[in-house]
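Just so we're aligned: the sequence shown equals residues 87 to 198 in my numbering. Even glycine gets a Cβ: it sits at the ideal position worked out from N, Cα and C. Every value quoted in this text rests on a predicted model; they were computed, and no experiment measured them. What follows is a single structure, written as C-alpha cells, with notes after it.
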Amino acid sequence: MSDERNSQPVLEAEKKKRQSRSAEVKYNIFLEASRGDAAVAEVLRKHGIHSSELQRIREKVRLGALKELSGKRTPVAAEATETAELRAEKERLERALLELTIEHQLLKKKTS
C-alpha cells in the first residue's frame, strides 16, 4: 500500500499542465524581468516559465502599447461606442413616442 501512495504523487508531479495566467500576472512578470533588480533567469524560475514565454509576453506588451499609442480604436471599442450611441437613440425615440402617444390621447379627448 505504501508503494501505491508513493507512486501517485510522482505521477501527478510528472504531469505538467499548462498554467493559465491572467493579463495582470503576465504584465507583472514583464515588469519584474524588465526592472533588472533580479536576473531574468531568476524571474523565469520564480514563475515557472520558459524564456520563450517571456518573449511572447514582451511582444504582446509591445503590440498593446503600440495599438494604444496609435490612437486607433479597436473593433471592440468601436462596437461599445456604437452600442452606447444606439441605446441613446433608442431612449430618445421612446421619449418621442411617449410624447406623441400622450398628444394623440389628448386630441382624441378634445374631438370626442
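Considering only their Cβ atoms, is the gap separating residue j from residue i smaller than 8 Å?
| i | j | result |
| --- | --- | --- |
| Phe-116 | Ile-135 | no |
| Val-129 | Glu-118 | yes |
Which one of the options has the shortest CA to CA distance from residue i?
| i | options | result |
| --- | --- | --- |
| Leu-140 | Gly-157, Val-162, Tyr-113 and Ala-163 | Tyr-113 |
| His-133 | Ser-106, Leu-149 and Ser-198 | Ser-106 |
My output table needs one value for residue i: the three-state DSSP class, helix, strand or coil.
| i | result |
| --- | --- |
| Ser-198 | coil |
Runs of alpha helix (DSSP H) wholly within the stretch 100-153 (minimum 4 residues, chain order):
DSSP runs (the alpha helix (DSSP H)) wholly in the stretch 100-153: 109-121 and 126-133.
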